[in-house]
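*Asks:* Chains as they are written, first to last, in the UniProt record's numbering: chain A, 1 to 524; chain B, 1 to 422. Where a beta carbon is used, it is the ideal one built from N, C-alpha and C, also for glycine.
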Amino acid sequence: MSQPVTPRRATRSSAAYPASPTSPSGSRPKSTPRRQPVPTAAAKEEEGEHERSTVDVLLEALPGRRAQATDLLRLLAPAPALPLLLHGGAATGKTRALLLALRHVRPRPLRVAYAALRSLPSPRALFASLLTQLSPPSSSSASSRLRIPDKPSDFVAALRDALAGLSAQGEAVYLVFDNLEVVRSWDKGGQLLALLLHLYDLLRFPQVVLVYVSSATPDAYYSMTGSIEPNHIYFPDYTVDEVRDILMRVHPKPKLYSSFLSVALKPLFRVTRRVDELVAALEPLFRRYCEPLGDLKAVPDESIKRRLFEHIQPHLAVALNETFSVPTRTSVDECKDRSSGGKARSKSQFGSRDGLPTELEFHMSVSAKYLLLSAFLASRNPATLDAALFDSTGGSDNHRRKRKSSQASMNMKDTMAEEMLLKGPGTFPLERLLAIFQCITSVSEDYLGDVECPDSMMNGSGMTGLMPDVLLQLSTLCNSNFLSKSRSCPLEGSARYRSNIDEDLALKVARSVSFPLSKYIYRR
Amino acid sequence: MVVAVSVPSQAQAVLRGRLCDPAFVHSALRSSSDTNYSKLKYLVASSFSEACNNSVLLLGPRGCGKAAVVDMVLDDLKKEHPDAISVIRLNGMLHNDDNCAMKEIARQLCLEHQLSFSKMASSDDNTEFMIDMLRECGLAHKTILFVLEEFDLFAQGKQRLLYSLLDAMQSLTSQAVVIGVSCRLDADQLLEKRVRSRFSHRKLLFISPSLDDIQRLLEHLLILAKDSGLPAKYITDYNSRLTSIFSDKKFKGCLNYLMDADATTSNILRFLFRAVSYMDMESGFLPIESFLKALSSMQRQPKMDSLQDLSILELYILVCMHRLEDKEQSSYNFTSIMKEYRSIQDAYKTSDKYASTVCFRAFEHLLDRELISFGDNRGRNQALEYRPVKLLISSRELAQSLKLNTTCPAVLQKLFDRERYM
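(1) Residues in its own chain within less than 8 Å of residue 309 of chain A by CB, not counting five upstream and five downstream?
(2) Going along chain A, which residues have a C-beta under 8 Å from residue 296 of chain B?
(3) Select from B:336, B:307, B:166 the residue whose C-alpha is nearest the C-alpha of residue 321 of chain B.
(4) Could you check whether residue 85 of chain B and residue 142 of chain B sit closer than 9 Å to each other, using their CB atoms as the reference points?
(5) Which residues in the same chain as residue 341 of chain B place their Cβ atom closer than 6 Å to its Cβ, once the five residues preceding and following it in sequence are excluded?
(6) By the 10 Å Cβ neighbour count, where 16 or more other Cβ atoms means buried, how is residue 431 of chain A classified, buried or exposed?
(7) Are the stretch 193-212 of chain A and the stretch 393-403 of chain B in contact at 8 Å, needing three or more beta carbon pairs?
(8) Under a CB-based cut-off of 9 Å, is residue 75 of chain B close to chain A?
(9) Between the Cα of residue 62 of chain A and those of A:82, A:101, A:76, A:53, spot the shortest distance and give me the residue it belongs to.
(10) Out of A:54, A:89, A:60, state which residue places its alpha-carbon closest to the alpha-carbon of residue 108 of chain A.
(11) Just checking residue 508 of chain A against the ligand SAM - is the residue's beta carbon closer than 8 Å to any of the ligand's heavy atoms?
(12) For residue 498 of chain A, which of helix, strand or coil comes out of DSSP?
(13) Leaving out the 5 sequence neighbours to the left and right, which residues in its chain are closer than 8 Å to residue 231 of chain A when beta-carbon positions are compared?
(14) Relative to the C-alpha of residue 14 of chain B, which candidate in B:133, B:226, B:376 has its C-alpha closest?
(15) Going by CA-CA distance only, name the one from B:368, B:103, B:70, B:151 that's closest to residue 423 of chain B.
(16) Counting only C-beta atoms, is residue 271 of chain A closer than 9 Å to chain B at any point?
(17) Beta carbon of residue 22 of chain B, beta carbon of residue 65 of chain B: below 9 Å?
(18) So, with DSSP's three-state summary, where would you put residue 127 of chain A?
(19) So, with DSSP's three-state summary, where would you put residue 89 of chain B?
(20) From the DSSP output, in three-state form, read off residue 91 of chain A for me.
(21) Counting beta carbon pairs with one atom in the stretch 496-510 of chain A and one in the stretch 372-382 of chain A, are three or more of them shorter than 8 Å?
(22) Less than 9 Å separating the beta-carbons of residue 234 of chain B and residue 180 of chain B?
(23) DSSP has residue 111 of chain A in a bridge; who is on the other side?
(24) Helix, strand or coil for residue 370 of chain B? Go by DSSP, reduced to three states.
(25) Kindly list the residues whose CB is nearer than 7 Å to the CB of residue 433 of chain A, restricted to its own chain and excluding five residues on each side of it in sequence; keep chain order.
(26) Output the distance between the C-alpha atoms of residue 442 of chain A and residue 385 of chain B, rounded to the nearest integer angstrom.
(27) Considering only residues of the same chain and omitting the five flanking positions on each side of residue 110 of chain B, which have a CB-CB separation below 7 Å?
(28) Report the three-state DSSP secondary structure of residue 383 of chain A (helix, strand or coil).
(29) Considering only C-alpha positions, which residue in the set A:381, A:252, A:318, A:299 is nearest to residue 357 of chain B?
(30) State yes or no: is the C-beta of residue 254 of chain A within less than 9 Å of the C-beta of residue 17 of chain B?
(31) Determine the closest residue to residue 52 of chain B out of B:145, B:10, B:260, with distance taken between C-alpha atoms.
(32) CB-CB under 7 Å to residue 95 of chain B, same chain, minus the five flanking residues each way: which ones, in chain order?
(33) Once DSSP output is grouped into helix, strand and coil, what is the label at residue 58 of chain B?
(34) Using a Cβ-Cβ distance under 9 Å, would residue 234 of chain A count as near chain B?
(35) With H, G and I counted as helix, E and B as strand and the rest as coil, what does DSSP make of residue 214 of chain B?
(36) Which two residues bound the contiguous beta strand (DSSP E) that contains residue 155 of chain A?
In structure tokens form, the structure reads like this:
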């Protein structure tokens, strides 16, 4: 049977069910026009039966979306139709439901022009995309001569011409605008949004049906331009049972997976309800779940289930506190080394505090680490403390500062702590950073002990040899967003920097160079 | 191509076609004699027959049929005098830049008179062309009608287009009528002094339909006439059922509810379109359930729906923000929310204690759903954790959503309520 136009997009959910025959795959051509008109044999089918089977086929592909699918089929066809707005959270299947419904809608649409606004950089690209999809296929060789309009008025005129050419054949043309909410952040986005929502009035073609898909709620689009308000269809998030159905659908080992899901899904569901994030979190967990099983085809009974549950329990606790897991070298080694001492090593990987890994997951040079630590201290501590913390011996001397604080000073310190929470890390000039850097590297020289160094750079005034490197490292750290440059002080005119890392990362870095960071942090 | 279409689908197609056709919807305005339609028609026809210039403004709230009336008048006049009228349409939203508008006028004039239009022409060339065309058409006794929709948007800025148009009409031997359509009732006050002096102060006011008008509109739109191409028995059954529904109390309540919120014609059309789409396809009649279902689908509250879709951790974050607001902290950011969250976890020892990165991801989900937003407009200078945030939902909505959420832990409800009674 002939197919209506299939757009290029491959949704995540379509990648997740490869078995479903109607899901669009990754690299289809952008717009293939209709090959043949609907054969009369198909058209002679009973209408009622046809509609029921259409809905059933659609519901097979869209679990848990019965109401939305029937609404879509009712409201989309036949033309003429008022515009339609599909809204709902992210990863709720709006685009997928719409594209599947457009395949099953009767009568078959002549053309579906799909504009994925998230991947289009500018209004001009949007105009180009729509006009090329609507232009007749015979002139595809001449498409290079198609002048892409810059202004909205030219675009509307060109669109009218293209649609007049198409709608002479008397069938429906669907214009789909996906991710409408990104237009708000474009340059001159407000005008373009008003134009897009007003297209129904401007075009005045009865065969053209406009469909908008947005993850922002409809009240984000109320403006004073008085467009025809579209019909809304709301896509709620999936419930736990629906998510379980979705995940169970294409899994090759259903019994094992269902016992796994009964353990792992509910806790993860309390953290996030988005299907894509759940899938990403569940996959490595399932691999761990199956580890103790010798034979993966076995149907688990109660005792096996209990054993697997005990095995997965600590990993589940870790997974709940991660947003995504980057496989580090230690975890890879652990996978290879499962039989011998796996449990002990996993305990050390879980770390001491709340199951977070304690090692730094990326590599930095030693001078960069020290620079980062000095930046963290410079942002965190007020400048007046520097003299006390970094005295000539390079060590911090806490004994002098222990004083019984009065109530008023304690209140002041509380408000200062509140302010620090609110304002975030402070800025510091470059000189202060370099001063602190020199202090702590001189301290760490004592801690490092003797390090074999073939060149004589570390002898004597060793740290001046590192100065040019420091400035290079500074720009690298700025580019990786560990430091950011703020506005320079208008009086002094020197650049000021601010550190962006949080305390956990700073502690990890300090641990990796064995630097006693906690002695230097100003704590209130 | 013979397609066997059933009677309900045919009826549905007829009804949907009617609802989407503004000419049909507002054709009731044509009927009586003292309407704006007849006044406008008289105006244009007289200016045509007396070979003079004229200008008029049609003002009224949105959805009252102003553009429909203009279209009807133009259709009638085109039928009567096919060659003697050419229409130029401009829209204030698209063409509010004067150069753009001039180009569009020139383009449409070329289209009407089968001349070739050069895109390279400058704005002055286009203006000269328009003036020449006006003169020529005036000499040839052809009237040019300028329809300016969203007229108030043309009145922003310097109003060069309006001035040149109205000035040309006054000084040349031209026959032109300028019809402005606007929803601002004071659109003529926006005109500059020199433009206003050249404008004839004719205004036609449109008003929103009253309840009786709406009732008549409903009958006009939904009752099928005898000659719709459908079986006669079906038509009589359908009409009788529909009239009984119209007098049903539930339907009247439904209609009143709709009109209380928004009494414009476009809202009624949306409602009817949805109801017709929910037509019972087996019997082909419109039961009252389809109207009620259409009303309930138009009554959704998007923020409440979003709140029902949140995970437990996201609800925790919202409750923490609410507590901070109750403590009268004027501004707070993610780090203060985390401090509150940890203090709650330490106090109550719930099972929902999660790491800071996971909480930040939930925070970003809330930002995506636009239930919270940043309180400042500054760019990206600060990290996201330190920018002040604020709640975009009221405490009543939050309270209601906590009650409706079946999986919400009891401690959340307690935390939320404690603030009230403390």
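*Replies:* To lay it out plainly:
(1) One-based indexing of the first sequence puts residue 309 of chain A at position 309. Answer for residue 309 of chain A: 263, listed in chain order.
(2) One-based indexing of the second sequence puts residue 296 of chain B at position 296. Going along chain A, no residue has its Cβ under 8 Å from residue 296 of chain B, so there is no contact; the nearest lies around 11 Å.
(3) Along the second sequence, read from residue 1 onward, the residue named residue 321 of chain B stands at position 321. Residue 321 of chain B has its Cα closest to that of B:336, out of B:336, B:307, B:166.
(4) Within the second sequence, numbered from 1, the residue matching residue 142 of chain B stands at position 142. Within the second sequence, numbered from 1, the residue matching residue 85 of chain B stands at position 85. Their beta carbons are under 9 Å apart, which means residue 142 of chain B touches residue 85 of chain B by this criterion.
(5) Translated into positions along the second sequence, residue 341 of chain B becomes position 341. Within the same chain, residue 341 of chain B has close Cβ partners 320.
(6) Mapped onto the first sequence, residue 431 of chain A falls at position 431. That one is exposed.
(7) no
(8) Taking the first residue of the second sequence as position 1, residue 75 of chain B is located at position 75. Chain A, which has no Cβ nearer than 9 Å to the Cβ of residue 75 of chain B, makes this no.
(9) The residue labelled residue 62 of chain A in the question sits at position 62 within the first sequence. Minimum Cα distance to residue 62 of chain A is reached at A:101.
(10) The residue given as residue 108 of chain A occupies position 108 in the first sequence. Closest option to residue 108 of chain A, Cα to Cα, is A:54.
(11) Only the bare structure without any ligand can be found here, which leaves the ligand SAM out of the picture.
(12) Taking the first sequence and counting its residues from 1, one reaches residue 498 of chain A at position 498. Residue state, collapsed to three classes: strand.
(13) Taking the first sequence and counting its residues from 1, one reaches residue 231 of chain A at position 231. 75, 82, 83, 84, 85, listed in sequence order.
(14) If you number the second sequence from 1, residue 14 of chain B lands on position 14. Comparing Cα positions, the closest option is B:226.
(15) Here chain B has residues from 1 to 422 only, and residue 423 of chain B is not among them.
(16) Against the first sequence, residue 271 of chain A aligns to sequence position 271. Residue 271 of chain A counts as touching chain B.
(17) In the second sequence, counting from the first residue as 1, residue 22 of chain B sits at position 22. In the second sequence, counting from the first residue as 1, residue 65 of chain B sits at position 65. Yes, the pair counts as a contact, with Cβ atoms nearer than the cut-off.
(18) In the first sequence, the residue the question calls residue 127 of chain A occupies position 127. Three-state DSSP puts residue 127 of chain A in a helix.
(19) Taking the second sequence and counting its residues from 1, the one referred to as residue 89 of chain B is at position 89. Residue 89 of chain B falls in the strand class under three-state DSSP.
(20) As a working mapping, residue 91 of chain A is identified with position 91 in the first sequence. Correct three-state label for residue 91 of chain A: coil.
(21) yes
(22) Working through the second sequence from its first residue, we reach residue 234 of chain B at position 234. Working through the second sequence from its first residue, we reach residue 180 of chain B at position 180. No, these two residues do not count as a Cβ contact at 9 Å.
(23) Sequence index remark: in the first sequence, residue 111 of chain A carries index 111 (1-based). A:173.
(24) Position 370 of the second sequence holds residue 370 of chain B. Reduced to three states, the DSSP call for residue 370 of chain B is coil.
(25) For the purposes of this step, residue 433 of chain A is taken as the residue at position 433 of the first sequence. Only 374, 375, 378, 497 meet the Cβ criterion.
(26) Within the first sequence, residue 442 of chain A is the residue found at index 442, counting from 1. Within the second sequence, residue 385 of chain B is the residue found at index 385, counting from 1. Distance between the alpha carbons of residue 442 of chain A and residue 385 of chain B is about 33 Å.
(27) Numbered from its first residue, the second sequence carries residue 110 of chain B at position 110. Cβ neighbours of residue 110 of chain B beyond the five flanking positions: 116, 117.
(28) Here the question's residue 383 of chain A lines up with position 383 in the first sequence. In this structure, residue 383 of chain A counts as helix in the three-state DSSP scheme.
(29) Looking up residue 357 of chain B in the second sequence gives position 357. Comparing Cα positions, the closest option is A:318.
(30) Numbered from 1 along the first sequence, position 254 holds the residue referred to as residue 254 of chain A. Numbered from 1 along the second sequence, position 17 holds the residue referred to as residue 17 of chain B. No, they are not a contact pair.
(31) Position 52 of the second sequence, counted from the first residue, corresponds to residue 52 of chain B. Among B:145, B:10, B:260, the Cα nearest to that of residue 52 of chain B is on B:145.
(32) Taking the first residue of the second sequence as 1, we reach residue 95 of chain B at position 95. Answer for residue 95 of chain B: 101, 104, listed in chain order.
(33) Counting from 1 along the second sequence, the entry for residue 58 of chain B is found at position 58. Correct three-state label for residue 58 of chain B: strand.
(34) As a position in the first sequence, residue 234 of chain A is number 234, starting the count at 1. Yes, residue 234 of chain A lies at the interface with chain B (some Cβ there is under 9 Å from its Cβ).
(35) As a working note, residue 214 of chain B is residue 214 in the second sequence. The answer is helix: DSSP assigns residue 214 of chain B an H, G or I state.
(36) Start at 1 with the first residue of the first sequence, and residue 155 of chain A comes out as number 155. No beta strand (DSSP E) contains residue 155 of chain A, which is instead part of the alpha helix (DSSP H) from 152-167.
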